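To start, the structure itself, in structure tokens.
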Amino acid sequence: MSVNELEAFRRELENYEYGVQVIPASPQALPEADEAFSDELESLLFARDWLEQKLRAYPENEAYEPLVERMQELDTLLQAKRRLALALVPNYPSWRDTLKERPPQTHWWWYLDQIAGEYESQQAIVRLSADRLGLVFDEGVVARVGLRAGQTVTMRVPDDRHILIAVSE
Amino acid sequence: MTNTVEEPWCDVEGWLPEAVAELVAQAVEDYQEGKFSRDFEDKLADRGIPLQAVIGAVTSRQSVIVEYSDRRDGSRRIGFWHPRRKYFVAWKPGAESRYMTCFWRENGLAYMQRLLDSRPIRCSERAKS
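These protein sequences, in sequence, are chains B and L.
Mapping the first sequence onto my numbering, position 90 (from 1) lands on 90, and the numbers just tick up by one.
Mapping the second sequence onto my numbering, position 35 (from 1) lands on 1035, and the numbers just tick up by one.
Okay, structure coming up:
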């Protein structure tokens, strides 16, 4: 694998990351969603396919390892945001029918509408970049604690089991 | 499923050069008038793509041009992909014309081929090689 191939992998990972990030984080944000959302989702799906293809072509390549870790975090985030993506693109299930080759079930990103219970209460912390973390909660949790989209919060890690979130008005 | 290109896609005879020139002229006019989707310029900044790269992809004779449909609402789109710089630009033509998005794409031909109702308008020799 050449340096160019690694760079291409990194840039397609960035495309995947961008696509995941343009999916709104809460139902309240849906009306403000990206008007080019279908182009961005199309790009996300292509990027994820491309990354998968490279990982299968070079399964033992250590150069990919830190990037794969990031990809898996984004996978978690995409699964957690899937219902919001589907709200923006109600005809998403028909997208896979328009491809010449139907995606295999292992390419779960083409089957977000079929992901069942196991992700319904998905809560995770994902690293977004060197200095940012993302907390993923389902809508029920967010509603129960009264968080709003756009609200400013500060976080503190008091011990190795808890994160304290201070909410500003 | 693969992201490879079926070569015949690019062998299809595209539009007449005069029609391509007219299309590009419309896209250039939109660029000059700043007809961009709401988040377009923010996206470019987030992605580290200079605005000039957009017009570069649109006007370069090396760029591959594709006509396709938006998967959400079926509206018409034109895509430009520069085979050396690898920027893909999505432009919405017509009455509500504007630039929709722009991103880097390693294998732009494979991406364009997979778009909904994808039809090549122009395919450069450089892109095929």
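All C-beta atoms in this analysis are idealised placements derived from N, C-alpha and C, irrespective of residue type, glycine included.
If you're wondering where the values come from, they're calculated on a predicted model, not measured in any experiment.
Residue i, DSSP secondary structure in three states
{"i": "L112/B", "result": "helix"}
{"i": "W1015/L", "result": "coil"}
{"i": "C1123/L", "result": "coil"}
{"i": "R156/B", "result": "strand"}
{"i": "N4/B", "result": "helix"}
{"i": "A25/B", "result": "coil"}
{"i": "V1024/L", "result": "helix"}
{"i": "V20/B", "result": "helix"}
{"i": "A166/B", "result": "strand"}
{"i": "R148/B", "result": "coil"}
{"i": "L13/B", "result": "helix"}
{"i": "L1115/L", "result": "coil"}
{"i": "L1044/L", "result": "helix"}
{"i": "L135/B", "result": "strand"}
{"i": "S121/B", "result": "For S121/B, the predicted structure reports a pLDDT of 44, less than 50, and the residue's modelled location is therefore unreliable. A value from the coordinates is still provided. Coil at S121/B, not helix or strand."}
Any non-hydrogen atom of the ligand ATP closer than 7 Å to residue i Cβ
{"i": "A166/B", "result": "For the ligand ATP, the structure offers nothing, since it holds no ligand at all."}
Beta-carbon gap between residue i and residue j smaller than 8 Å
{"i": "V1020/L", "j": "I1055/L", "result": "no"}
{"i": "L74/B", "j": "V22/B", "result": "no"}
{"i": "L77/B", "j": "G146/B", "result": "no"}
{"i": "C1010/L", "j": "P1120/L", "result": "yes"}
{"i": "H107/B", "j": "D39/B", "result": "no"}
{"i": "A47/B", "j": "E12/B", "result": "yes"}
{"i": "I1065/L", "j": "R1114/L", "result": "no"}
{"i": "R1038/L", "j": "N91/B", "result": "no"}
{"i": "L86/B", "j": "P24/B", "result": "no"}
{"i": "A36/B", "j": "M1100/L", "result": "yes"}
{"i": "R1077/L", "j": "Y1087/L", "result": "no"}
{"i": "R1061/L", "j": "Y18/B", "result": "no"}
{"i": "L41/B", "j": "V89/B", "result": "yes"}
{"i": "L51/B", "j": "M71/B", "result": "yes"}
{"i": "S1124/L", "j": "S1063/L", "result": "yes"}
{"i": "A149/B", "j": "S26/B", "result": "yes"}
Listed by chain order, chain B residues near residue i by CB distance under 7 Å
{"i": "L1116/L", "result": "T98"}
{"i": "R1038/L", "result": "E35"}
{"i": "Y1111/L", "result": "F46"}
8 Å Cβ cut-off: residues of chain B touching residue i
{"i": "A1090/L", "result": "A36 and D39"}
Interface residues of chain L facing residue i [CB-CB closer than 8 Å]
{"i": "E42/B", "result": "R1071 and L1115"}
{"i": "N15/B", "result": "F1103, W1104 and R1105"}
{"i": "N91/B", "result": "R1071 and R1072"}
{"i": "R11/B", "result": "W1104 and E1106"}
Within chain L, the residues that residue i reaches when beta carbons sit closer than 7 Å
{"i": "A109/B", "result": "It should be noted that the sequence gives Trp, not Ala, for residue 109/B. Neighbours of W109/B on chain L: none; closest Cβ ~12 Å, over 7 Å."}
{"i": "R83/B", "result": "Result: empty, since nearest Cβ-Cβ is about 17 Å, beyond 7 Å."}
{"i": "A8/B", "result": "E1106"}
Proximal residues of chain B, C-beta to C-beta of residue i below 9 Å
{"i": "R1047/L", "result": "E14, N15 and Y18"}
Give a yes or no on contact between the stretch 30-41 of chain B and the stretch 1026-1034 of chain L, applying the rule of three or more CB pairs nearer than 8 Å.
no
Extract the residue ranges of the alpha helix (DSSP H) inside the stretch 46-83 of chain B, only unbroken runs of 4 or more that lie entirely within it.
Annotation: the stretch 46-83 of chain B contains the following complete segments of the alpha helix (DSSP H) (minimum length 4 residues), in chain order: 65-80.
Only counting runs of 4 or more residues, tell me where the alpha helix (DSSP H) segments fall wholly within the stretch 1050-1110 of chain L, in order along the chain.
1051-1059
Kindly confirm or deny that the stretch 1107-1120 of chain L and the stretch 1078-1088 of chain L touch, where touching means at least three C-beta pairs closer than 8 Å.
yes
Any contact between the stretch 55-65 of chain B and the stretch 1039-1057 of chain L? By contact I mean 3 or more CB pairs, one from each, below 8 Å.
no
Taking contact to mean at least 3 C-beta pairs separated by less than 8 Å, is the stretch 90-106 of chain B in contact with the stretch 146-155 of chain B?
no
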